[in-house]
Amino acid sequence: MHHPLRAIHTHALDFWFARTSILVIVALQLLLGDRVALGPVWLAPAIELALLLPLSIATAWAQDLAVRAQTDEHWHFVKRRRRMVRLIAVVLTAAVTILNSAALANVIDALLHGHGANGQRLLADAIKIWTINIFAFALWYWSFDRGGPATRGLTGSPRPDFLFAQMSVPEVATDWSPGFVDYLFLSFTNATAFSPTDTLPLSGRAKVLMMAQSGISLLTIALVAARAVNILS
Numbered sequence: 008m009h010h011p012l013r014a015i016h017t018h019a020l021d022f023w024f025a026r027t028s029i030l031v032i033v034a035l036q037l038l039l040g041d042r043v044a045l046g047p048v049w050l051a052p053a054i055e056l057a058l059l060l061p062l063s064i065a066t067a068w069a070q071d072l073a074v075r076a077q078t079d080e081h082w083h084f085v086k087r088r089r090r091m092v093r094l095i096a097v098v099l100t101a102a103v104t105i106l107n108s109a110a111l112a113n114v115i116d117a118l119l120h121g122h123g124a125n126g127q128r129l130l131a132d133a134i135k136i137w138t139i140n141i142f143a144f145a146l147w148y149w150s151f152d153r154g155g156p157a158t159r160g161l162t163g164s165p166r167p168d169f170l171f172a173q174m175s176v177p178e179v180a181t182d183w184s185p186g187f188v189d190y191l192f193l194s195f196t197n198a199t200a201f202s203p204t205d206t207l208p209l210s211g212r213a214k215v216l217m218m219a220q221s222g223i224s225l226l227t228i229a230l231v232a233a234r235a236v237n238i239l240s
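Going by this note's numbering, the first residue of the sequence shown is number 8, and it counts up by one from there.
This is the structure we're talking about:
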């Protein structure tokens with residue numbers, strides 16, 4: 008007989024995939040030009056790392072509690088701890104999104120006013136911002152679908168925010184649940200196609216998130232990259 012909270016053990020590595028994504032974002036932000044970054048180049052990475060450290064400690068603590076949980080009281084204590092982890096993760100993801108949007112605004116400003124920027128540098132910064140955007144929205148999708156990883160499997164069968172292709176295949180759907188890589192793929196395809204591909208948004212918040220990502224990606228690729236290529240030519 009399966010414990011109703013058994014899914015807390017599922018996709019445990021996803022938490023560390025998510026933390027690795029933050030480190031990739033930090034590395035890309037350190038490579039942005041001085042005029043593109045919001046404030047000093049080190050400011051955005053410093054803010055994100057300051058949030059990542061307690062988040063990683065809290066994640067490790069919650070996972071250790073989950074491994075040792077035996078009773079319903081233990082499981083509900085784990086549930087509360089993982090909700091705290093989710094709150095910190097949402098704050099961190101919001102910080103990444105805001106800082107990346109500010110960097111994009113600075114790139115657009117540099118393009119429109121032509122101060123201190125050349126085509127090659129703008130193109131490189133545009134690619135970095137676009138890549139950060141993919142990781143940031145993968146974190147958003149992962150954090151919100153089915154109540155988020157911190158509560159997924161702890162509240163019965165919450166309604167999914169996304170319809171993945173595997174969910175439509177009876178032979179697969181029974182034992183399958185989306186992991187971080189699935190959300191990263193969803194984010195990548197949405198950023199390149201500017202629309203859903205094999206995964207469809209079901210809830211209003213999923214549609215809003217996908218529209219926001221598509222809008223940022225379109226602005227980055229169509230305006231910034233295209234203009235930078237034009238400067239190069």
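Backbone N, C-alpha and C fix where the C-beta goes; we use that ideal spot for every residue, glycine too.
Just to confirm, is the Cβ distance from residue i to residue j under 8 angstroms?
i: LEU56; j: VAL31; result: no
i: LEU207; j: LEU146; result: no
i: LEU111; j: ILE29; result: no
i: ALA133; j: VAL114; result: yes
i: GLN220; j: ILE139; result: no
i: LEU58; j: LEU106; result: no
i: GLY186; j: ASP79; result: no
i: TYR190; j: TRP149; result: yes
Consult DSSP for residue i and reduce its assignment to one of helix, strand or coil.
i: LEU39; result: coil
i: SER28; result: helix
i: PRO208; result: strand
i: LEU170; result: strand
i: VAL48; result: coil
i: GLY222; result: helix
i: TRP147; result: helix
i: VAL176; result: coil
i: PRO185; result: coil
i: PRO165; result: coil
i: THR66; result: helix
i: THR78; result: coil
When the Cα of residue i is compared with those of the options, which residue comes out closest?
i: ALA213; options: MET91, ARG166 and ALA172; result: ARG166
i: SER210; options: LEU226, PHE151, ALA200 and GLN127; result: PHE151
i: ARG26; options: TRP49, GLY186, LEU62 and LEU45; result: LEU62
i: ALA65; options: LEU50, ARG89 and ASP189; result: ARG89
i: LEU226; options: SER194, SER108 and TRP183; result: SER108
i: ALA102; options: ARG234, LYS86 and ALA143; result: ALA143
i: LEU45; options: TRP23, TYR148 and ASP116; result: ASP116
i: ILE228; options: THR199, MET217, MET218 and SER184; result: THR199
i: ILE54; options: PHE24, TRP23, LEU193 and THR104; result: THR104
i: THR196; options: MET218, TRP183 and VAL176; result: MET218
Does the beta carbon of residue i come closer than 8 angstroms to any beta carbon on chain C?
i: MET218; result: Of the chains in the structure shown, none is chain C; there is only one protein chain.
At which residues does the alpha helix (DSSP H) containing residue i begin and terminate?
i: ASP152; result: Segment: none, ASP152 is in no alpha helix (DSSP H) and carries neither H nor E.
i: PHE201; result: Here PHE201 belongs to no alpha helix (DSSP H), and DSSP marks it neither H nor E.
>> Using a Cβ distance threshold of 8 angstroms, determine whether the region 139-156 contacts the region 86-105, with at least three qualifying pairs required.
In response: They touch, by the three-pair rule.
> Three or more beta-carbon pairs under 8 angstroms between the region 189-205 and the region 35-43, yes or no?
Replying inline: The region 189-205 vs the region 35-43: no contact.
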